[in-house]
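Report on the following structure.
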Amino acid sequence: MQLLKKGAEADIYYIAEWCGRPAVAKVRNPKPYRHHALDLSIRRQRTVHEAGFLSAAKSAGVSAPFVYFVDPMNAEIIMEHVQGVPAREILTPKLCFEIGSYAAMLHLFGIVHGDLTTSNFLVGCADRRLVVLDFGLSYYSERTEDMAVDVRLIKEVFTSAHISVRGSFLNFIRGYESVAGNKKTAKILANVKEIEQRGRYARMA
Numbered sequence: 023m024q025l026l027k028k029g030a031e032a033d034i035y036y037i038a039e040w041c042g043r044p045a046v047a048k049v050r051n052p053k054p055y056r057h058h059a060l061d062l063s064i065r066r067q068r069t070v071h072e073a074g075f076l077s078a079a080k081s082a083g084v085s086a087p088f089v090y091f092v093d094p095m096n097a098e099i100i101m102e103h104v105q106g107v108p109a110r111e112i113l114t115p116k117l118c119f120e121i122g123s124y125a126a127m128l129h130l131f132g133i134v135h136g137d138l139t140t141s142n143f144l145v146g147c148a149d150r151r152l153v154v155l156d157f158g159l160s161y162y163s164e165r166t167e168d169m170a171v172d173v174r175l176i177k178e179v180f181t182s183a184h185i186s187v188r189g190s191f192l193n194f195i196r197g198y199e200s201v202a203g204n205k206k207t208a209k210i211l212a213n214v215k216e217i218e219q220r221g222r223y224a225r226m227a
């Protein structure tokens with residue numbers, strides 16, 4: 023296997039062929055600072071957890087890599103290899119709109135992504151489809167505040183890493199609103215504002 027990406031929690035490896043298809047393996051490696059039994063339990067649980075959310079995302083109408091095989095014993099997921107470019111490298115107003123619509127689809131299905139950044143979206147080279155990645159921190163919730171935390175995070179990304187892309191967050195919100203509707207979007211934005219105010223008060227204290 024060829025190492026594609028090394029992460030804090032897991033590594034991504036390219037597999038030339040899995041049942042005749044190119045694939046990647048996401049492997050959660052042991053953490054030496056954790057007790058062996060606890061570490062194994064955590065890695066198994068998170069592996070099964072993420073595989074479930076990859077499938078759930080598709081049920082929500084969002085494009086995510088297909089899961090081919092899950093090996094909890096070795097904390098490994100074999101999934102579709104999507105050849106594409108990270109959204110953060112080719113961000114446009116149209117792409118911001120699409121990311122917003124994806125976020126709303128997940129939220130309407132009760133899925134909070136947990137790490138909603140432009141690094142976790144990929145644009146396919148062949149079909150130009152937008153694909154969402156990395157559901158390791160995802161969870162189910164119907165709480166507006168949890169969804170607002172998702173939106174708040176990507177707002178920070180847009181206003182810092184993508185400041186040169188004009189109207190990036192505005193286009194994201196337009197995309198979100200096109201799926202979630204005016205009322206739900208307004209409620210989310212009001213909660214985002216509350217979170218930001220709490221952060222400012224905490225810094226002043």
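Numbering of the sequence shown is given in the numbering used here, commencing with residue 23 and proceeding in unit increments. Every residue gets a Cβ at the ideal spot worked out from N, C-alpha and C, and that includes glycine.
Using the Cβ count rule (16 or more neighbours within 10 Å means buried), how would you classify residue i?
| i | result |
| --- | --- |
| residue 103 | buried |
| residue 193 | buried |
| residue 25 | exposed |
| residue 145 | buried |
| residue 81 | exposed |
| residue 69 | buried |
| residue 65 | buried |
| residue 207 | buried |
| residue 158 | buried |
| residue 111 | exposed |
Roughly how many angstroms lie between the CA atoms of residue i and residue j, to the nearest whole one?
| i | j | result |
| --- | --- | --- |
| residue 116 | residue 59 | 47 Å |
| residue 305 | residue 177 | This structure leaves residue 305 out entirely; the chain is present only between 23 and 227. |
| residue 44 | residue 204 | 41 Å |
| residue 84 | residue 210 | 20 Å |
| residue 224 | residue 216 | Interpretation of residue 224 is limited by its pLDDT of 47, a score under 50 that renders its predicted location unreliable; the figure taken from the coordinates is listed afterwards. So the alpha carbons of these two residues sit roughly 12 Å apart. |
| residue 202 | residue 130 | 7 Å |
| residue 86 | residue 155 | 6 Å |
| residue 226 | residue 214 | Its pLDDT being 47, under 50, residue 226 is placed unreliably by the model, and nothing is read from it. |
| residue 52 | residue 30 | 11 Å |
| residue 38 | residue 74 | 24 Å |
| residue 78 | residue 182 | 30 Å |
Within the same chain, show all residues whose beta-carbon is closer than 6 Å to that of residue i, passing over the 5 residues directly before and after it, in chain order.
| i | result |
| --- | --- |
| residue 98 | 47 and 49 |
| residue 106 | 144, 145, 146 and 147 |
| residue 174 | 214 and 217 |
For residue i, which residues from the same chain have a beta carbon less than 7 Å from its beta carbon, with the 5 sequence-adjacent residues on both sides left out?
| i | result |
| --- | --- |
| residue 113 | 140, 184, 187 and 190 |
| residue 72 | 99, 157 and 158 |
Tell me the residue span of the beta strand (DSSP E) that contains residue i.
| i | result |
| --- | --- |
| residue 32 | 32-40 |
| residue 171 | No beta strand (DSSP E) contains residue 171, which is instead part of the alpha helix (DSSP H) from 166-182. |
| residue 146 | 143-146 |
| residue 47 | 43-50 |
| residue 201 | Where residue 201 is concerned, there is no enclosing beta strand (DSSP E), although the alpha helix (DSSP H) it sits in stretches over 190-202. |
| residue 28 | 24-28 |
| residue 235 | Outside the shown range of the chain (23 to 227) lies residue 235, about which nothing can therefore be said. |
To which residues of the same chain is residue i closer than 8 Å at the C-beta, ignoring the five residues directly before and after it?
| i | result |
| --- | --- |
| residue 196 | 119 and 122 |
| residue 199 | 122, 126 and 207 |
Could you give the residue range of the alpha helix (DSSP H) that holds residue i?
| i | result |
| --- | --- |
| residue 74 | 58-81 |
Kindly indicate if chain C contains any beta-carbon less than 9 Å away from that of residue i.
| i | result |
| --- | --- |
| residue 197 | Note that chain C does not occur in the displayed structure, where there is just one protein chain. |
Runs of 4 residues minimum, wholly inside the segment 92-132: which ones carry the alpha helix (DSSP H) assignment? 115-130
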